[in-house]
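Everything in the sequence shown is counted per the working numbering, starting at 7 for the first residue and increasing by one.
The C-beta atom is built at its ideal place from N, Cα and C for all residues, glycine as well.
Treat the numbers as computed from the prediction; the structure is a model and nothing was measured.
Have a look at the structure below before the remarks.
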Amino acid sequence: MSILTPEILSTLEKQGIELPSWAFGNSGTRFRVWTTEGTPRDPREKIADAAQVNKYTALAPSVALHIPWDKVDDYASLRSYAEDLGVQLGTVNSNTFQDEDYKWGALTHHDPRIRQKAIDHHLECIDIMDATGSRDLKIWLAEGSNYPGQNDMRSRQDRLQNSLQQIYARLGDEQRLVLEYKFFEPSFYHTDVPDWGTSYAHVASLGEKASVCLDTGHHAPGTNIEFIVMQLLRLGKLGSFDFNSRFYADDDLIVGAADPFQLFRIILEVVRGGGLNNPDVAFMLDQCHNVEDKIPGQIRSVLNVQEMTARALLVDRTALDAAQQSNDVLAANALLMDAFYTDVRPALAEWRESRGLAADPMAAYAASGYQQQIAADRVGGTQAGWGA
Ligand code: PSV
Ligand code: MN
Ligand code: MN
């Protein structure tokens with residue numbers, strides 16, 4: 007009999023993780039962007055690649071767009087193109103970090119013309135969401151300063167709140183705004199939305215349709231991220247995750263690669279807080295594949311999230327509760343570690359086969375010939391990249 011109970015399997019069956027369109031484009035560091043054979047040249051090719059991830063895993067039913075990187079003339083037709091491939095268009099990400107006008111800020115800018123331009127960009131993103139059927143507008147801001155005294159941090163917060171109010175007012179009834187935070191980079195002295203508390207303060211005053219996006223890579227080393235997850239769930243303001251791994255800063259590596267135990271602890275709090283398979287809490291990847299192939303990189307990523315979810319679901323909650331109540335520190339800790347150390351991969355492979363999926367999605371994709379096909383087909387044109 008499988009170590010995964012029917013109850014656990016039916017929970018896993020409902021799991022969906024959104025893929026970022028930019029994961030399929032070329033990326034690198036500020037030193038070099040690497041090119042790869044077969045890299046998509048337009049949004050449709052990115053969506054086709056994302057659909058491959060879903061085909062082999064049944065775990066990735068939607069793709070996030072980034073505007074203007076994924077700008078097209080006809081979003082309704084992009085939507086039907088995606089739906090024909092079995093995926094939905096998901097979160098729309100705004101971009102106020104690549105325009106010369108935003109050198110000194112966008113939604114926080116002291117020049118009303120530039121601030122209005124940044125607000126208008128977000129309103130355009132909401133128009134796109136109307137056409138794509140997307141629910142979420144995700145805002146990550148690169149704004150801040152490099153030197154003490156460079157800016158008045160206080161008035162920037164006031165302008166930010168006002169800009170967000172104008173954007174929020176344009177959301178439809180079923181739409182949401184998620185505000186991402188990041189403790190540094192590209193600004194090094196102060197960042198206008200550096201932490202969950204600042205994001206929370208803004209979204210709480212905006213209203214019900216606004217919540218926080220937690221990117222796992224956007225914290226200082228040693229931060230107890232699962233505590234933040236717990237707190238935001240407790241406050242009803244955890245809107246979404248951007249999953250990825252980091253060793254040092256915002257590395258955007260494959261989720262679960264650097265610290266699988268941290269991913270386990272995060273998902274444990276998601277389960278505890280009722281955030282699993284809860285439409286209010288979107289699971290997304292925010293990753294780049296600089297040196298590895300992008301499609302298998304994304305397949306590996308969603309499988310990592312699934313494996314850690316399965317392990318988190320294995321924790322014996324009743325026994326854990328009893329151990330906690332009786333202050334049995336070592337027993338409580340052992341219950342977590344037993345679940346974490348359980349290898350769920352054979353049981354998941356077996357279950358996948360029972361659902362008509364390949365037992366090993368990585369091997370099935372490699373054997374499919376798709377990678378060779380796109381390398382042969384996608385010759386000429388400009389490869390998409392993180393940023394273009
Ligand atoms: C930049 O840090 C970043 O990685 C943020 O996490 C955003 O979510 C992402 O880029 C896409 O804009
Ligand atoms: Mn992110
Ligand atoms: Mn990031």
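Presumed contact (8 Å Cβ cut-off) between residue i and residue j, rounded CB distance
{"i": "A124", "j": "A112", "result": "4 Å"}
{"i": "T63", "j": "V311", "result": "Actually they are not in contact, since the Cβ atoms of T63 and V311 sit about 10 Å apart, beyond 8 Å."}
{"i": "R317", "j": "A345", "result": "5 Å"}
{"i": "R85", "j": "L71", "result": "Wrong, their Cβ atoms sit about 10 Å apart, outside the cutoff."}
For residue i, the three-state DSSP class (helix, strand or coil)
{"i": "I145", "result": "strand"}
{"i": "C219", "result": "strand"}
{"i": "G203", "result": "helix"}
{"i": "D248", "result": "strand"}
{"i": "G91", "result": "Per the sequence presented here, residue 91 reads as Leu, with Gly not at that position. Coil at L91, not helix or strand."}
{"i": "S140", "result": "coil"}
{"i": "A288", "result": "strand"}
{"i": "V98", "result": "strand"}
{"i": "R271", "result": "helix"}
{"i": "S151", "result": "strand"}
{"i": "E356", "result": "helix"}
{"i": "A70", "result": "strand"}
{"i": "E180", "result": "coil"}
{"i": "G111", "result": "coil"}
{"i": "E106", "result": "helix"}
{"i": "T348", "result": "coil"}
{"i": "H196", "result": "strand"}
{"i": "L5", "result": "This structure cannot settle anything about residue 5, because the visible part of the chain is limited to 7 through 394."}
{"i": "H32", "result": "Sequence inspection shows Asn at residue 32; the His mentioned does not correspond to that position. In the structure shown, N32 sits in a strand (DSSP, three-state: E or B)."}
{"i": "P46", "result": "coil"}
{"i": "G303", "result": "helix"}
{"i": "V261", "result": "coil"}
{"i": "E232", "result": "helix"}
{"i": "L282", "result": "coil"}
{"i": "E2", "result": "As displayed, the chain neither begins before 7 nor continues past 394, which places residue 2 out of reach and without an answer."}
Proximity to residue i [Cα-Cα], best of the options
{"i": "E106", "options": "V98, N99, H115", "result": "H115"}
{"i": "D221", "options": "S246, L336, T204", "result": "S246"}
{"i": "H224", "options": "L238, M368, N250", "result": "N250"}
{"i": "W110", "options": "G96, R141, S151, D133", "result": "S151"}
{"i": "Q181", "options": "S140, L212, K61", "result": "S140"}
{"i": "P227", "options": "Y206, D257, R240", "result": "D257"}
{"i": "T97", "options": "F194, R165, V69", "result": "V69"}
{"i": "N157", "options": "G391, I134, C131, F194", "result": "F194"}
{"i": "T197", "options": "D117, L147, R176", "result": "L147"}
{"i": "L129", "options": "P74, A54, S161, S83", "result": "P74"}
{"i": "M135", "options": "K300, R176, Y187", "result": "R176"}
Contact set for residue i: own chain, Cβ-Cβ below 8 Å, skip 5 residues either direction
{"i": "A338", "result": "L326, A329, Q330"}
{"i": "V350", "result": "I9, L10, E313, A316, R317, L320"}
{"i": "Y174", "result": "L183, L212, G213, K215, A216"}
Residues near residue i by beta carbon distance below 7 Å, same chain, minus five either side
{"i": "L244", "result": "S217, V218, L220, V235, L238, G281, V287"}
{"i": "R252", "result": "G223, L259, A264"}
{"i": "W40", "result": "N32, G34, N296, V297"}
{"i": "I418", "result": "The chain is shown from 7 up to 394; residue 418 falls before or after that span and cannot be answered."}
heavy atom of ligand 5 below 6 Å from residue i C-beta
{"i": "D256", "result": "What this structure holds is ligand 1, ligand 2 and ligand 3, not ligand 5."}
Chain B within 7 Å of residue i, Cβ atoms only
{"i": "D221", "result": "Checking the listed chains, one finds no chain B in this structure; it contains a single protein chain."}
Own chain, CB closer than 6 Å to residue i, minus 5 neighbours either side, in chain order
{"i": "P192", "result": "A148"}
Pull every residue with its beta-carbon under 6 Å away from any heavy atom of ligand 2, and keep them in chain order.
-> Taken from the N-terminal end onward, the list reads W146, E186, D221, D248, D292.
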